Every structure is written in C-alpha cells, then in structure tokens.
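Asks: Below is one structure. I have some questions about it.
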Amino acid sequence: MGTAIQHQYTTSSLGFNGNLPARIGVYGEGVGGSLAMMLALTECRIKGHHIAAAAAHNPILDWAHPEVAAATRADAATRESSRRRLRTKAELELNDETPRIVATRRSLFRQPQDWFDTFASPLQFFRTPGVPVPKADSSTPIDDFAELAMLDKQDFLRQQLQLSTVSNTPPMSGDTHNDDGESDKALRKAARRYPRLDSGLSLPNFRLTTGCKGIWHDQADEFARYVRRSMVRTDELRHRDSGMAEVNAEERVLHEAYDGTADSEGRLYDTAEWFRNIL
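Anchor point for the sequence shown: position 97 equals 96 in this note's numbering, and the numbering is continuous, going up by one each time.
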C-alpha cells in the first residue's frame, strides 16, 4: 500500500476536521517502527494534516546490509573478548539479531533490490546504500499492490525528492546503476540532502529507543545524526543562528538507549509522555 494511501486512510479514519490541520503522532516497533519512520519522513507537510512527532523502538532503518554491520561488530567483539572472557546474556543475544533480520527480510521482500528502496529503508533518504544495488529481474510489477506502490513512489520522487543542483550530490533513486562498471570504492556511503527547502516538508520530532548495543542501536544512532544535520542545514538556509539551530536539532531528535533491566511498560510510558509534551 502506497505512502499517500496510508496517510489518507489514517486521517480519514480518525475523523479529523479538514478546516483545522491536525498534528499527528505515529509509533511502531521493529518493522512497524520502520513504517512509522517512513511515514514521518514523507507525510510531514508544512500545510494541512501532517505528522508532527514520530517514535519507534528498535526500528529497522536499513535492510540493505545488516550482515556487514554485524561482521564489523563481531570483529570488535572478538577483540574485546580476548581481554574479557565473561559475557552477559544481553551480549549473547546480539549475535541472534542478524539471522533474524535476514530471515525476515527474505520473507518480506520478493527481490533483493526491493530492500534498497528508500521507502523500505528510511536511512537511505539521507545517504546512499554503500553497497551495490541488484538489478531488477523485470520492470513489470508482480501484482496490483506492487504496481500501486511503484507508481506512488515514482510520483513522490518526482515531486519531493529532486536533488539540488550541487554536482557532487548523488541521485535519490535507488533504481539507477552504472553501466560502465563503477568501482567498489565509488560505492562508499554518500550523504543526500533531504528534504529540499522548497519541498513543502518540515521534519517532525523524533524519539528512538533501542538497546545499548547492536544493529538497532547503530542504525538509530546514524539516523538521528542525519536527521539532526538536515534540521540544522534547513535552519541555516532560513538564516537562523547556527548555534541555536544545533541546540534545536538536539532537542527535537532523541535517541535513548535502555539497558536489559528496563521494562517495556516503563519505556512505553516515557514515550507516551513525550508524545503528550510534543503534541
């Protein structure tokens, strides 16, 4: 189901008054957290009903290469274990994250290139994947829902994701590829500018909660950095004080890490309180 349809269904179902723009909050966990972040990044219009606050616990923000992130952490863990042999239950559970994510990814996406879509991996609104994007087997959608999602994505990309004319800014679409045999070193992660100042979008407030370590934590930390940087850049382009812009971004984008002793009820209470203060 496309982004626009999801947002329209939500606003119509909740019975908002069309004459009074509503400030909407969204929340999700895991895959639901990924959906909440995607909606927050694309339905944060300056005018009309819009998402003003988004929270997520352990959201999956980049499906593209959890194996790479896991391998990097495994190397670091191996070096650390040589100095410290005792390992806690929480540390052992970290090793189970990657197989679970890969298995879930395989069941959710029909083709490998699908998880490089910015709508599936919200982190890629702000940076390139950093790994090769597989070519599609066919340009024909598999079913009606896939076709609807593809058309909605193409429409959104045309209207909202046009990049600035800066020559070193990579294209936003994940469907492009280099037919000239681009070298691996050119596939490094490169920042993208999102949203454009004239896009009609204004990023909402974010609250991300994760454990203290692991893929969830690493992705949320990276996401928070990119969103803050985008907010600072937007404020500076609007001729606001750069120092105040950084303070404002830090206050609007929160990433809180909970250790294994924190209970889910307390975490949800903290999130509900945050929504109450924002909305």
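Heads up, the beta-carbon is just placed ideally off N, CA and C, and yes, glycines get one too.
Values in this document were obtained by computation on a predicted structure and should not be read as measured data.
Would you please state the rounded distance, in angstroms, between the beta carbons of H56 and E28? I believe it to be under 8 Å.
Replies: Residue 56 sits at position 57 when you count from the first residue of the sequence shown. Residue 28 sits at position 29 when you count from the first residue of the sequence shown. The pair is a contact, with the Cβ atoms about 4 Å apart (cut-off 8 Å).
Asks: Starting from the C-beta of A63, find all residues in its chain whose C-beta is less than 7 Å away, skip the five residues before and the five after it, and write them out in chain order.
Replies: As a first step, residue 63 must be located in the sequence shown, where it is residue number 64. So the qualifying residues of the chain are W114, F115, S120, P128, V130.
Asks: With respect to the beta strand (DSSP E) encompassing R206, which residues constitute its N-terminal and C-terminal limits?
Replies: As a first step, residue 206 is located in the sequence shown; it is residue number 207 there, counting from the start. 204-210 is the extent of the beta strand (DSSP E) around R206.
Asks: What first and last residue would you give for the alpha helix (DSSP H) that runs through R224?
Replies: As a working mapping, residue 224 is identified with position 225 in the sequence shown. Note, R224: alpha helix (DSSP H), 214-236.
Asks: Among M37, L196, P58, which has the Cα closest to the Cα of I45?
Replies: For the purposes of this step, residue 45 is taken as residue 46 along the sequence shown, with counting starting at 1. Per the Cα distances, L196.
Asks: Leaving aside the five residues before and after A223 along the sequence, list all residues of the same chain whose C-beta is less than 8 Å from its C-beta, in chain order.
Replies: Locating residue 223 in the sequence shown gives position 224, where the first residue counts as 1. Cβ within range, chain order: F205, L207, V252, L253, H254.
Asks: Using a Cβ-Cβ cut-off of 6 Å (strictly less than) and excluding sequence neighbours within five positions of M37, which residues of its own chain qualify?
Replies: Along the sequence shown, read from residue 1 onward, the residue named residue 37 stands at position 38. Correct list, in chain order: F118, P121.
Asks: Could you check where the beta strand (DSSP E) with E28 kicks off and where it finishes?
Replies: The sequence position of residue 28 within the sequence shown is 29, counting from 1. 22-28 is the extent of the beta strand (DSSP E) around E28.
Asks: Which one of E235, D217, T270, R275 has the shortest CA to CA distance from D61?
Replies: As a first step, residue 61 is located in the sequence shown; it is residue number 62 there, counting from the start. Selected option, being the one with the closest Cα: D217.
Asks: Could you please give me the residues that DSSP links to L200 through a beta bridge?
Replies: For the purposes of this step, residue 200 is taken as the residue at position 201 of the sequence shown. DSSP lists R44 as partners of L200.
Asks: Rounded to whole angstroms, what's the CA-CA distance from G213 to A102? Just pull it up for me.
Replies: Taking the sequence shown and counting its residues from 1, the one referred to as residue 213 is at position 214. Taking the sequence shown and counting its residues from 1, the one referred to as residue 102 is at position 103. Cα to Cα, G213 sits roughly 17 Å from A102.
Asks: Below 8 Å on the Cβ atoms is my guess for A51 versus I23; work out the distance and round it to an integer in Å.
Replies: Numbered from its first residue, the sequence shown carries residue 51 at position 52. Numbered from its first residue, the sequence shown carries residue 23 at position 24. A51 to I23, Cβ: 6 Å. Contact.
Asks: Can you look up A63 in the DSSP assignment and give me helix, strand or coil?
Replies: Position 64 of the sequence shown holds residue 63. Coil.
Asks: On the premise that A244 lies in contact with V231, defined as a C-beta separation below 8 Å, what is that separation, rounded to the nearest angstrom?
Replies: Walking along the sequence shown from the start, residue 231 turns up at place 232. Walking along the sequence shown from the start, residue 244 turns up at place 245. Between A244 and V231 the Cβ distance is about 5 Å, and since that is below 8 Å, they are a contact.
Asks: Could you compute how far the alpha carbon of T260 sits from the alpha carbon of H48?
Replies: Mapped onto the sequence shown, residue 260 falls at position 261. Mapped onto the sequence shown, residue 48 falls at position 49. Each residue's alpha carbon lies about 38 Å from the other.
Asks: Tell me which residues share the same chain as Y225 and place their Cβ nearer than 6 Å to its Cβ, disregarding the 5 neighbours each side in the sequence.
Replies: For this step, residue 225 is matched to residue 226 along the sequence shown. Only F125 meet the Cβ criterion.
Asks: Locate the alpha helix (DSSP H) running through L107, then write down its first and last residues.
Replies: For the purposes of this step, residue 107 is taken as the residue at position 108 of the sequence shown. Per DSSP, L107 belongs to the alpha helix (DSSP H) from 96-107.
Asks: Taking the alpha-carbon positions, what's the R239 to L107 distance?
Replies: In the sequence shown, residue 239 corresponds to position 240, counting from 1. In the sequence shown, residue 107 corresponds to position 108, counting from 1. Those two C-alpha atoms are separated by around 43 Å.
Asks: Just reading off the alpha helix (DSSP H) that L267 is part of, what are its end residues?
Replies: Working through the sequence shown from its first residue, we reach residue 267 at position 268. It spans 263-277 - the alpha helix (DSSP H) in which L267 sits, taken as one unbroken run.
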